[in-house]
């Protein structure tokens with residue numbers, strides 16, 4: 001059995017040394033890097049070979065990669081690196097790594113073509129000046145072979161350890177039994193669909209009811225598939241902390257049932273939560289946990305991989321014990337983990353770490369996306385960027401003198417856009433060229449300044465810089481999948497009286513073109529949720545590959561468990577809301593008198609919620625009630641949920657689509673009913689109307705894709721809080737006459753039996 005490793009990964013393991021140092025020349029965008037490589041190679045002779053695939057073996061180690069270019073006339077192998085700023089300021093350990101990669105490629109080329117010697121050239125290409133700096137040296141094949149074997153030798157012990165781990169892992173996974181006595185109803189169907197999707201190497205959309213145990217019902221079959229279908233890793237991705245916690249709990253349950261299973265599970269924490277020194281820059285002269293990071297990494301890595309579970313707390317403890325950065329330690333540990341649990345953005349975002357590592361290392365991965373009804377809105381945000389003029393105005397006054405001119409140029413072009421616009425909102429068919437050019441120039445100037453002043457740190461400038469880079473990067477791929485719009489308002493945060501403010505946005509509305517590569521890079525991707533209907537909406541907007549499977553898992557619940565009533569005598573439309581208040585309060589009061597207990601009431605806005613709550617409190621002062629507040633922190637959310645205690649009574653008022661509409665678990669009589677006084681339809685505004693037009697053009701279903709499907713998805717999610725187990729009983733009131741329409745009821749769960757209104761209210 002061989003261990004395959006990419007040249008870059010090998011050298012990063014064996015050649016990195018010294019400090020973690022992110023100061024040198026901010027990395028050009030991916031597009032700039034591609035263009036930089038293309039410019040350099042276009043300057044070469046006709047016989048120049050580009051992206052030369054190479055591979056070689058050392059014991060059980062199979063090393064592979066693609067060298068940037070080879071000139072057979074000069075017998076010169078080139079490694080091309082794009083950068084900005086002063087090359088002289090490049091840290092020594094960066095240069096050492098680059099030479100190591102080039103020398104390994106050099107050996108592989110000599111071995112493949114029988115070359116006795118070779119000229120090696122590091123080509124540094126300045127994105128700003130378009131100039132090349134070439135560092136070259138001659139090397140004979142014997143020297144390069146010795147270098148290759150030395151670095152393989154440093155890695156071979158680890159490779160053998162990893163091969164042993166993989167062999168033992170797969171052996172135990174093939175014998176692995178489901179960790180419970182039996183599957184829950186529906187759980188086996190979900191697990192079988194997951195395994196079959198992996199066997200076919202296709203993607204899967206799985207609608208699976210809440211309460212069947214989707215976390216363990218998806219992780220278990222994907223682990224079995226890891227052994228049977230030779231998967232390197234399983235990525236479990238979720239939108240919320242609760243989903244990631246359940247995934248880690250499922251892994252722990254599986255490991256307890258199989259004590260001999262050497263399974264490494266890693267939790268990824270966001271940098272904002274994992275960073276120990278947020279006031280310090282990521283380099284050795286600023287942060288003590290960056291100083292000597294790579295010199296201490298081996299010890300930290302070895303210690304971490306001895307632990308049974310690498311959750312955030314465990315990684316932090318190991319990192320601090322070895323005085324290395326917890327965030328970057330977890331990033332290193334991804335390479336050696338079997339199961340990685342994190343947020344969607346780690347694989348699907350524009351700069352996703354898990355996707356990049358999968359591509360670079362050629363991993364065969366299974367990707368599980370929990371609560372995937374969130375994927376459309378989350379993916380849109382991943383591929384959108386906005387800029388606020390107020391922030392730039394403030395920055396022009398506080399930024400270093402050398403940066404004020406480029407920032408002023410951005411400001412002038414921005415102001416010109418504001419003057420040209422007549423209304424408060426405008427959507428443009430193309431990006432403004434002059435503004436984008438000024439923004440790109442500002443990014444270059446800031447990058448150069450950072451390279452020339454490595455000790456300098458300004459959080460506001462860096463925030464603008466990274467946001468502008470994202471804006472520019474999305475601008476490079478701007479197309480029918482996105483909008484460019486400008487919203488103008490009076491004043492704004494920190495603006496002078498009477499001065500207009502504007503927000504520029506590249507707004508993604510169709511993530512499919514961006515996510516296509518993510519799906520293709522994985523062996524299988526399974527998206528699952530209790531609300532993934534209609535399936536074509538998610539398949540179209542997310543860009544699911546052709547041949548993707550779809551399964552609607554049978555519900556374990558019986559219709560008798562849930563009474564579903566439609567209050568068709570009430571309209572919750574905006575123009576009818578004032579006259580809806582009294583009927584809603586009456587309906588809620590009558591239901592509570594019939595069956596006291598814990599209820600949730602959902603509304604379309606805080607204003608609507610508060611009006612009903614005030615009227616209800618006045619008419620039913622004996623009924624306890626509590627309300628969701630705007631911008632609740634975690635402790636306030638916990639306190640809200642704590643009111644739903646076993647045997648308790650009262651009504652919690654909340655906003656649909658907020659913190660309490662999904663992802664909360666209140667089984668038994670902690671929650672016996674819900675009132676949903678809205679269809680959850682997104683607000684009609686200029687942005688949504690633009691989205692509607694694009695959806696109509698793309699799929700012929702503009703209203704459904706923009707308003708109806710996203711709205712009903714929130715309704716069904718909120719209603720799903722009521723029935724959590726097969727022994728639960730509950731009641732749901734859908735309050736709006738539109739719920740009586742056949743096309744609306746067709747989007748509700750099939751196991752519901754909707755009753756006509758039978759209340760006197």
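Numbering (UniProt numbering), first residue to last: 1 to 761. From the three backbone atoms N, C-alpha and C, an ideal C-beta is built for every residue, glycine too. Note that the structure is a prediction, hence the values are computed from the model and not measured.
Proximity below 8 Å, CB of residue i to CB of residue j
i	j	result
residue 243	residue 371	yes
residue 525	residue 369	yes
residue 120	residue 132	no
residue 316	residue 326	yes
residue 563	residue 755	yes
residue 140	residue 117	yes
residue 202	residue 97	no
residue 644	residue 733	no
residue 533	residue 209	no
residue 52	residue 38	no
Cα-Cα separation between residue i and residue j, rounded to whole angstroms
i	j	result
residue 394	residue 261	56 Å
residue 219	residue 142	48 Å
residue 302	residue 126	38 Å
residue 654	residue 627	6 Å
residue 761	residue 752	Note on residue 761: pLDDT 41, under 50, position unreliable in the model; the coordinate value appears next. Looking at the two C-alpha atoms, the distance is approximately 23 Å.
residue 21	residue 284	6 Å
residue 194	residue 304	30 Å
residue 557	residue 723	8 Å
residue 489	residue 583	37 Å
residue 176	residue 600	41 Å
residue 538	residue 509	13 Å
residue 312	residue 721	28 Å
residue 41	residue 50	7 Å
residue 287	residue 95	22 Å
residue 494	residue 414	Unreliable positioning characterises residue 494 in this predicted model, as indicated by a pLDDT of 41, which lies under 50. The coordinate reading is nonetheless provided below. Approximately 17 Å, taken between the alpha carbons.
residue 389	residue 473	19 Å
residue 145	residue 101	13 Å
residue 174	residue 446	54 Å
residue 207	residue 192	13 Å
residue 571	residue 581	10 Å
residue 691	residue 514	17 Å
residue 46	residue 7	27 Å
residue 310	residue 336	11 Å
residue 744	residue 359	42 Å
8 Å contact criterion, which residue i and residue j should meet: CB distance rounded
i	j	result
residue 237	residue 344	5 Å
residue 682	residue 728	No, residue 682 and residue 728 are not in contact; Cβ-Cβ is about 30 Å, not under 8 Å.
residue 657	residue 611	Contact flag wrong, Cβ pair sits at about 18 Å.
residue 318	residue 235	Not really, about 22 Å apart at Cβ, beyond 8 Å.
residue 409	residue 441	7 Å
residue 464	residue 506	Not confirmed; about 16 Å, so no contact.
residue 170	residue 258	Actually they do not touch by this definition, with Cβ atoms about 13 Å apart.
residue 69	residue 44	7 Å
For residue i, the three-state DSSP class (helix, strand or coil)
i	result
residue 550	strand
residue 196	helix
residue 233	strand
residue 158	helix
residue 494	Residue confidence is low: residue 494 scores 41 on pLDDT, short of 50, so the model does not pin down where it sits. Its coordinate-derived value is still stated next. Here residue 494 sits in coil by DSSP.
residue 650	strand
residue 346	helix
residue 301	helix
residue 12	helix
residue 4	strand
Heavy atom of the ligand MG within 7 Å of residue i beta-carbon
i	result
residue 61	This structure simply doesn't include the ligand MG, nor any ligand for that matter.
Cutoff 8 Å: residue i Cβ touching any chain D Cβ
i	result
residue 120	Protein chain content of the structure displayed is limited to a single chain, and chain D is not contained in it.
Range of the contiguous alpha helix (DSSP H) that encloses residue i
i	result
residue 726	Premise fails: residue 726 is in no alpha helix (DSSP H) and is neither H nor E.
residue 138	Per DSSP, residue 138 belongs to no alpha helix (DSSP H); it is in the beta strand (DSSP E), 132-140.
residue 435	433-452
residue 576	Here residue 576 belongs to no alpha helix (DSSP H), and DSSP marks it neither H nor E.
residue 685	Neither: residue 685 is in no alpha helix (DSSP H) and is coded neither H nor E.
Where the beta strand (DSSP E) containing residue i begins and where it ends
i	result
residue 98	It is not in any beta strand (DSSP E) - residue 98 instead sits in the alpha helix (DSSP H) that spans 92-113.
residue 119	117-126
residue 563	562-566
residue 365	365-369
residue 50	49-58
residue 81	76-83
residue 427	425-428
residue 599	598-603
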